[in-house]
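Engineer: Structure in structure tokens, see below.
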Amino acid sequence: MTDFFGIPLQALLGQLLLGLVNGSFYAVLSLGLAIIFGLLNIINFAHGALYMLGAFLAWMGLQYLGLNYWTMLLLAPLGVALFGIVLERLFLRHLYRLDHLYGLLLTFGLTLLLEGVFRSIYGVSGQPYPTPAALQGGYNLGFMFLPIYRAWVVVASIIVCLATWFIIEKTRLGALLRAATENPKLVEAFGVNVPLMITLTYAFGVGLAGFAGVLATPILQVSPLMGSNLIIVVFAVVVIGGMGSILGSILTGLGLGVIEGFTKVFWPEASNTVVFIIMVIVLLLRPAGLFGKVK
Amino acid sequence: MKREIPVFIALLLIVALLPALGAYPIFIMKVMCYALFACAFNLLLGYTGLLSFGHAAFLGAAAYATGQSLAVWGWPTLAGLLFGTASAAALGLVMGALSIRRSGIYFAMITLALAQMLFFFFLQAPFTGGEDGLQGIPRGSILGLDLSDDLNLYYLVLAIFTFGFLLIWRCVHSPFGQVLKAIRENEPRAISLGYDVDRFKLLAFVLSAALSGLAGATKSLVFVSATLTDATWQMSGLVILMTLIGGLGTLAGPVVGAIIVVLLENKVGEWGAMLAQWTGWNGFRTLGESVTIVIGLIFIVCVMAFRRGIVGELAFRLRRHDA
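So the protein lines, in turn, are chains A and B. For the first sequence, the working numbering gives the first residue as 2, with consecutive numbering after it. For the second sequence, the working numbering gives the first residue as 729, with consecutive numbering after it.
Structure (structure tokens):
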């Protein structure tokens, strides 16, 4: 049992792990998008750029301040969230009454701006980031080699996703949040500060993107363009999942990452497009997405 | 409507005379290609209310199709242009049929994702030359006119642009255009009036794709190349900016927007150098490398404070003045 359809089991499992790692990023990012979309009705095109910002903050923390990975894993998402608060107060707040396409366009402009700024400072070539000492190396499981850092990325992402799911679906705070997406006026009448809730929700959503960015730093090179191709795939994930449910975006993200990983083994040329092909198929069969509700 | 015709003819004459006045023909041809692209895009967003975020797919696909038919298959120029346009129309039919099943933000995301899928196809397909693109596309000749002469090509491009612009004008002022506007303003009402809304949307999508393709095919002749840049999502964003900055849902708006964006892309560096000379601050010299920053800023300003765009704002003021 070392071969599987002519592919060595070791290679297959390696790709499965890679797929899971990518899937974790998809899940965390599409989760953030889903939360923001739920309450602000805005597709946050800047999500990819904020993911990049998170990665850069981690890198800058190490480079200029000597702050290690663990500190930045906490500080960088907070920094991105603070930036998100500024964005929401300055710009997004004024767009809620308009056609929601303007939100998409504004965040698109922000993306160009952010990417442009980092590009003009750091150029397009990536900056390396060392794997933290505690997570270096890997285990030999006998049938495959398991790099500890990649395993950590998957575990940390799943924990964060599930915690977010728990807060939104099972706590009183989450219940208020869901109520506010349905009827903000009524929730306001209960004495809840809905505008503040919206601001903090946006901050939390983009904080998740920043968190994913820090997780990615030791795996990918930190580069201004790291978010721009990823975000399109995440949009496809969102279309496939349907954006209706929190759990849906987590499962779709992970699942598509794994499928992408397998495609890399069996049909490498298609690995970039397989997510989009799946999107087309899903759209033909279920226009509202796998977990979406038709409104 | 009657008032506009003399203005239009006067503008046409001026553009026709520009090369004689010393303007660089390639630059103006570039502007015209993008202007046609933006006008085609505006037919969809400005008049039908559908934000496609994947229009670069049509520009790029038509450029590759034209390049392939001219450079590899050795077709005559006219056939190549038509082939590029038809390819974009066929692609528009497929993409449109898939994307109009959802509306609003979802529509935008689906078109974006489909365009990205096509981008990877162009990146990897054996005939597109990957990152380098198709080079050395022969311009050939049309009706005995040798197009390798920039001036001959200039008038062909002007004719193509005028044809496209007038076609859009005709569409917008026809009953078809009225139905599109009705769909934009109130889709449920258009449905209840008995219009097959999906069919009209698809028709508008295919028309817009075909004209975008015509722009891309023409562009491949102008630059004798088809490159991956034309198919990136950044290009899809740029055409949105052109339309937004000029004025959504106005006929002249996208043209003005295209002029501004192409000027920005080509001249910001020079302007930066000039500013640096005047002010003595060398920081302005780096402006050329930061075109995306400038474009991003304009995007934000347009969305926050200037949603009517230049032509839209002018029209609004004139109308208020008249009233």
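Idealized CB from N, CA, C, for every residue including glycine.
For a test of the three-state rule: what should DSSP assign to Asp926 (chain B), helix, strand or coil?
Structural biologist: Here residue 926 (chain B) refers to the residue found at position 198 when the second sequence is read from its first residue. In the structure shown, Asp926 (chain B) sits in a helix (DSSP, three-state: H, G or I).
Engineer: Under DSSP, the beta strand (DSSP E) around Leu147 (chain A) begins and ends at which residues?
Structural biologist: Your numbering for residue 147 (chain A) matches position 146 in the first sequence. Here the beta strand (DSSP E) through Leu147 (chain A) covers 146 to 148.
Engineer: At least one CB of chain A closer than 8 Å to the CB of Phe769 (chain B): is that the case?
Structural biologist: Against the second sequence, residue 769 (chain B) aligns to sequence position 41. Phe769 (chain B) does not count as touching chain A.
Engineer: Hey, does Val950 (chain B) have any beta-carbon neighbour from chain A nearer than 8 Å?
Structural biologist: As a first step, residue 950 (chain B) is located in the second sequence; it is residue number 222 there, counting from the start. So, not an interface residue.
Engineer: If we ignore side chains and look at the alpha-carbon of each, how far apart do Thr253 (chain A) and Asn273 (chain A) end up?
Structural biologist: The residue you call residue 253 (chain A) lines up with position 252 of the first sequence. The residue you call residue 273 (chain A) lines up with position 272 of the first sequence. Approximately 17 Å, taken between the alpha carbons.
Engineer: Applying the 10 Å Cβ sphere with the 16-neighbour rule, what's the burial state of Gly293 (chain A)?
Structural biologist: For the purposes of this step, residue 293 (chain A) is taken as residue 292 along the first sequence, with counting starting at 1. Buried, because 16 or more other Cβ atoms sit within 10 Å of the Cβ of Gly293 (chain A).
Engineer: Compare the C-alpha of Val215 (chain A) against each of A:Ala35, A:Asn42, A:Pro9, A:Gly62 and name the closest.
Structural biologist: Here residue 215 (chain A) refers to the residue found at position 214 of the first sequence. Nearest of A:Ala35, A:Asn42, A:Pro9, A:Gly62 to Val215 (chain A), Cα basis: A:Gly62.
Engineer: Tell me, which residues are paired with Gln128 (chain A) by DSSP?
Structural biologist: As a working mapping, residue 128 (chain A) is identified with position 127 in the first sequence. According to DSSP, Gln128 (chain A) bridges with A:Val223.
Engineer: Tell me, which residues are paired with Asp866 (chain B) by DSSP?
Structural biologist: Your numbering for residue 866 (chain B) matches position 138 in the second sequence. Contrary to the premise, residue 866 (chain B) reads as Pro rather than Asp in this sequence. Paired residues: none, contrary to the question.
Engineer: From Cys899 (chain B) to Gly905 (chain B), what does the alpha carbon distance come to, in whole angstroms?
Structural biologist: Start at 1 with the first residue of the second sequence, and residue 899 (chain B) comes out as number 171. Start at 1 with the first residue of the second sequence, and residue 905 (chain B) comes out as number 177. Cα to Cα, the separation comes out at about 5 Å.
Engineer: Where do the ends of the alpha helix (DSSP H) carrying Gly258 (chain A) lie?
Structural biologist: Stepping through the first sequence from its first residue, residue 258 (chain A) is reached at position 257. 247 to 267 is the extent of the alpha helix (DSSP H) around Gly258 (chain A).
Engineer: In whole angstroms, what is the alpha-carbon distance linking Leu51 (chain A) and Phe781 (chain B)?
Structural biologist: Along the first sequence, read from residue 1 onward, the residue named residue 51 (chain A) stands at position 50. Along the second sequence, read from residue 1 onward, the residue named residue 781 (chain B) stands at position 53. The alpha-carbon atoms of Leu51 (chain A) and Phe781 (chain B) are separated by roughly 20 Å.
Engineer: Using beta carbons (cut-off 8 Å, strictly below), is Gly117 (chain A) in contact with chain B?
Structural biologist: As a first step, residue 117 (chain A) is located in the first sequence; it is residue number 116 there, counting from the start. It does; some Cβ of chain B falls within 8 Å.
Engineer: First and last residue of the beta strand (DSSP E) that includes Gly139 (chain A)?
Structural biologist: Residue 139 (chain A) sits at position 138 when you count from the first residue of the first sequence. Note, Gly139 (chain A): beta strand (DSSP E), 139 to 141.
Engineer: Since Thr274 (chain A) meets chain B, which of its residues come closer than 8 Å, beta carbon to beta carbon?
Structural biologist: Numbered from 1 along the first sequence, position 273 holds the residue referred to as residue 274 (chain A). Per Cβ cutoff of 8 Å: Met845, Phe848, Phe849.
Engineer: Counting along the chain, where does the alpha helix (DSSP H) carrying Met244 (chain A) start and finish?
Structural biologist: One-based indexing of the first sequence puts residue 244 (chain A) at position 243. Where Met244 (chain A) is concerned, there is no enclosing alpha helix (DSSP H), given that its DSSP letter is neither H nor E.
Engineer: Compare the beta carbon distance of Ala766 (chain B) and Gly985 (chain B) with 8 Å and say whether it is the shorter of the two.
Structural biologist: For the purposes of this step, residue 766 (chain B) is taken as residue 38 along the second sequence, with counting starting at 1. For the purposes of this step, residue 985 (chain B) is taken as residue 257 along the second sequence, with counting starting at 1. Result yes, Cβ atoms of Ala766 (chain B) and Gly985 (chain B) sit closer than 8 Å.
Engineer: Check each candidate in B:Ile742, B:Gly868, B:Pro916 and name the one with the smallest Cα separation from Leu806 (chain B).
Structural biologist: Here residue 806 (chain B) is taken as the residue at index 78 of the second sequence, counted from 1. Here the closest residue by C-alpha is B:Gly868.
Engineer: Quick check on His95 (chain A) - is its C-beta less than 8 Å from some C-beta in chain B?
Structural biologist: Taking the first residue of the first sequence as position 1, residue 95 (chain A) is located at position 94. It does; some Cβ of chain B falls within 8 Å.
Engineer: Taking the alpha helix (DSSP H) that Ile828 (chain B) falls in, what are its first and last residues?
Structural biologist: Reading the second sequence from its first residue, position 100 is the one you call residue 828 (chain B). Careful: Ile828 (chain B) lies outside any alpha helix (DSSP H) and carries neither H nor E.
Engineer: With Leu40 (chain A) and Ile199 (chain A) assumed to form a contact (beta carbons below 8 Å), what rounded beta-carbon distance in angstroms separates them?
Structural biologist: Taking the first sequence and counting its residues from 1, one reaches residue 40 (chain A) at position 39. Taking the first sequence and counting its residues from 1, one reaches residue 199 (chain A) at position 198. Correct: roughly 6 Å between the Cβ atoms.
Engineer: Output yes or no for whether 8 Å exceeds the beta carbon distance between Val155 (chain A) and Ser25 (chain A).
Structural biologist: Against the first sequence, residue 155 (chain A) aligns to sequence position 154. Against the first sequence, residue 25 (chain A) aligns to sequence position 24. Contact flag set, yes.
Engineer: List, in order along the chain, the chain B residues whose C-beta lies closer than 8 Å to that of Ile233 (chain A)?
Structural biologist: Position 232 of the first sequence, counting from 1, holds the residue named residue 233 (chain A). Within 8 Å Cβ-Cβ: Leu840, Ala841, Gln844, Trp961.
Engineer: Our contact map puts Leu102 (chain A) next to Ile833 (chain B) with C-beta atoms below 8 Å; I'd like the distance itself, whole angstroms only.
Structural biologist: Looking up residue 102 (chain A) in the first sequence gives position 101. Looking up residue 833 (chain B) in the second sequence gives position 105. The Cβ separation is near 7 Å, so the contact holds.
Engineer: Assign Ser815 (chain B) to buried or exposed, taking buried as 16 or more other Cβ atoms, counted over all protein chains shown, within 10 Å of its Cβ.
Structural biologist: On the second sequence, residue 815 (chain B) is found 87 positions in, with the first residue counted as 1. Buried: at least 16 other Cβ atoms inside 10 Å.
Engineer: Just to confirm, is the Cβ distance from Gly211 (chain A) to Gly104 (chain A) under 8 Å?
Structural biologist: Residue 211 (chain A) sits at position 210 when you count from the first residue of the first sequence. Residue 104 (chain A) sits at position 103 when you count from the first residue of the first sequence. Their beta carbons are not under 8 Å apart, which means Gly211 (chain A) does not touch Gly104 (chain A) by this criterion.
Engineer: With a threshold of 8 Å between beta-carbons, can Gly832 (chain B) be considered close to chain A, or not?
Structural biologist: Here residue 832 (chain B) refers to the residue found at position 104 of the second sequence. It does: the Cβ of Gly832 (chain B) has a partner Cβ on chain A nearer than 8 Å.
Engineer: Along the alpha helix (DSSP H) that carries Thr971 (chain B), what are the first and last residues, could you check?
Structural biologist: Taking the second sequence and counting its residues from 1, the one referred to as residue 971 (chain B) is at position 243. Counting along the chain, the alpha helix (DSSP H) containing Thr971 (chain B) begins and ends at 961 to 974.
Engineer: From B:Asp878, B:Leu935, B:Leu931, pick the residue whose C-alpha is nearest to that of Ile756 (chain B); which is it?
Structural biologist: Here residue 756 (chain B) refers to the residue found at position 28 when the second sequence is read from its first residue. Nearest option by C-alpha distance: B:Asp878.
Engineer: Considering only C-alpha positions, which residue in the set B:Tyr775, B:Gly824, B:Thr794, B:Leu846 is nearest to Ala271 (chain A)?
Structural biologist: Position 270 of the first sequence, counted from the first residue, corresponds to residue 271 (chain A). The shortest Cα separation from Ala271 (chain A) among B:Tyr775, B:Gly824, B:Thr794, B:Leu846 belongs to B:Leu846.
Engineer: Report the partner residues of Asp874 (chain B) according to the DSSP bridge assignment.
Structural biologist: On the second sequence, residue 874 (chain B) is found 146 positions in, with the first residue counted as 1. Looking at the DSSP assignment, Asp874 (chain B) forms a beta bridge with B:Ser869.
Engineer: Could you check the C-alpha separation between Ile282 (chain A) and Ala825 (chain B) for me, to the nearest Å?
Structural biologist: Within the first sequence, numbered from 1, the residue matching residue 282 (chain A) stands at position 281. Within the second sequence, numbered from 1, the residue matching residue 825 (chain B) stands at position 97. Cα to Cα, Ile282 (chain A) sits roughly 13 Å from Ala825 (chain B).
Engineer: Examine chain E for any beta-carbon lying closer than 8 Å to the beta-carbon of Phe277 (chain A), and answer yes or no.
Structural biologist: No chain E appears in this structure, whose protein chains are A and B.
Engineer: Does the region 1028 to 1041 of chain B touch the region 972 to 988 of chain B, meaning 3 or more C-beta pairs lie closer than 8 Å?
Structural biologist: Yes, the region 972 to 988 of chain B touches the region 1028 to 1041 of chain B.
Engineer: Taking buried to mean at least 16 other C-beta atoms within 10 Å of its own C-beta, is Glu261 (chain A) buried or exposed?
Structural biologist: Within the first sequence, numbered from 1, the residue matching residue 261 (chain A) stands at position 260. Flag for Glu261 (chain A) reads buried.
Engineer: What does the alpha-carbon distance come out to for the pair Arg927 (chain B) and Ile160 (chain A)?
Structural biologist: On the second sequence, residue 927 (chain B) is found 199 positions in, with the first residue counted as 1. On the first sequence, residue 160 (chain A) is found 159 positions in, with the first residue counted as 1. Each residue's alpha carbon lies about 46 Å from the other.
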